[in-house]
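Trainee:
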Amino acid sequence: SIPRHVNFFSKIFGVILSHYVFFFTVRNGYSCVPVALAEGLDIKLNAAVRKVEYNHRGVEVTVYNPRNPSTTNTYHADVVLCTLPLGVLKLSAAPSSSQLNTVQFSPPLPDWKTSAIQRLGFGNLNKVVLCFERIFWNPQANLFGHVGSTTASRGELFLFWNLYKAPVLLALVAGEAAAIMENVTDDVIVGRVFFAGEHTIRNYPATVHGAFLSGLREASRIADQIIGNPCMPQPAE
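The sequence shown runs 1 to 237 under full-length UniProt numbering.
(1) If you draw a straight line from the alpha carbon of P110 to that of T102, how long is it in whole angstroms?
(2) Classify A219 as buried or exposed, calling it buried when 16 or more other Cβ atoms lie within 10 Å of its own Cβ.
(3) Go ahead and pull the three-state DSSP assignment for I222.
(4) Alpha carbon to alpha carbon, how far is W112 from G87?
(5) Please go through the region 133-214 and give each complete beta strand (DSSP E) segment of 3 or more residues, from N-terminal end onward.
(6) Do V63 and A47 have their CB atoms nearer than 8 angstroms?
(7) Grouping DSSP H, G and I as helix and E and B as strand, with all else coil, what is K90?
(8) Helix, strand or coil: which one does DSSP assign to R119?
(9) According to the Cβ coordinates, are G197 and A206 closer than 8 angstroms?
(10) Across the region 133-153 and the region 74-84, are there enough close Cβ pairs to call them in contact, namely three or more that are closer than 8 angstroms?
(11) Using only alpha-carbon positions, find the residue among S31, H209, Q140 that is nearest to V166.
(12) Rounded to whole angstroms, what's the CA-CA distance from L91 to V184? Just pull it up for me.
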């Protein structure tokens, strides 16, 4: 059965989202959408932007071919709409940006604009596809969540999307957990050495109860690792 907190999360957010959001899966993949939108447009491929010059007369954009950087071309227009990815924009707007493959603005963007760009934040969010032999969750639920019992596990598989009406879930991993998962190998790793102590607990360092709680935490991890999660008996209906 689905844990109680998962059912609660699904009911609350499912009700909210059901009034405002419709979920669709694009046949043959989402790439079909930009491909269809691009029909009839004059899109220049292999044209990376190197410099954007603007003044009261208009805009001049210099591009180059990434395969042959010495080959450049220039486009003139009245205005330009910049849709650079945030990471590229941050590098380009940095005052001392001298890295390669960054876009130069001439004259430099005003301070209020560069300050706003630098304040914009973005996090790490990864997707994990989980395949099962059968559906054991509510097939009518679009999504449901899980809140980790420990601070360290927050962000680890915290939201599950039921997208395919099949025994497949799309799980989300965010923040520090996403960065850790990116570096995990495909090998199955069983830990043999664990660490406890007041210096290993985030909430209660340098305390006796912190040391005690850290021992309980690691004892639980060892039990999960060696024994596995126990199967709790369900009351007879």
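No residue lacks a Cβ here, since even glycine has one placed at the ideal position from N, Cα and C. Just so we're clear, the structure is a prediction, and the values are computed from it rather than from any experiment.
Mentor: So, from the data block:
(1) 18 angstroms
(2) Looking at its Cβ environment, which holds fewer than 16 other Cβ atoms inside 10 Å, A219 is exposed.
(3) helix
(4) So the alpha carbons of these two residues sit roughly 18 angstroms apart.
(5) The beta strand (DSSP E) runs lying completely inside the region 133-214 and spanning 3 residues or more are 143-145, 159-161, 168-174, given in chain order.
(6) yes
(7) helix
(8) Three-state DSSP puts R119 in a helix.
(9) no
(10) Under the Cβ criterion (8 angstroms, minimum of three pairs), the region 133-153 does not count as touching the region 74-84.
(11) According to the sequence displayed, residue 166 carries Ala and not Val. When each option's Cα is compared against that of A166, the closest is Q140.
(12) 29 angstroms
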